[in-house]
Each structure stands twice: as structure tokens, then as C-alpha cells.
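Position in the sequence shown (from 1) plus 1 gives the number in the working numbering.
Note that CB positions come from ideal geometry on N, CA and C, so glycine has one too.
Since we're looking at a predicted model, the values are computed, not measured.
Worksheet: one structure, shown below.
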Amino acid sequence: MFNRYYQEELTYLKELGVEFSKAHPALAPMLIGPTADPDVERLLEGVAFLTALLRQKLDDE
């Protein structure tokens, strides 16, 4: 169950990253494609993890 929340959050954040990259093309290499910054990737994964935990907890209540 948690994995579903995590994947949904990560997918959503990556979609937002694509939109952000279109608005700010100079930052696009950090967010998308093979040149994506691994530190940015870890940050997005961390945010997705924490948000997934929160969503799961709210749904359990």
C-alpha cells in the first residue's frame, strides 16, 4: 500500500519538474533527462517518501 502512495507522489513530482523545466529552461538539465542531478533526484524521492507517509496516515484515520 505504501509503495503505491510513494510511486504516485514521485510521479507527480516528476511531472511538476517537467512543467517547471518548460518555464525555466536553464534549470531543465538538473531535473529531467540523462543529465538530471542525482542530488535533486534524492531530494524529490525524500519529499515523495514523506508525503506518501502523510497520505497513508491520513487515509488510515
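Rounded straight-line distance, which links the Cα of residue j to that of residue i
| i | j | result |
| --- | --- | --- |
| residue 3 | residue 10 | 11 Å |
| residue 25 | residue 60 | 35 Å |
| residue 18 | residue 57 | 23 Å |
| residue 6 | residue 27 | 31 Å |
| residue 35 | residue 45 | 16 Å |
| residue 40 | residue 47 | 11 Å |
Closer than 7 Å: residue i CB and nearest the ligand MN heavy atom
| i | result |
| --- | --- |
| residue 11 | By its list of ligands, the structure shown contains no ligand whatsoever, and the ligand MN lies outside what it can speak to. |
Beta-carbon gap between residue i and residue j smaller than 8 Å
| i | j | result |
| --- | --- | --- |
| residue 21 | residue 14 | no |
For residue i, the three-state DSSP class (helix, strand or coil)
| i | result |
| --- | --- |
| residue 34 | coil |
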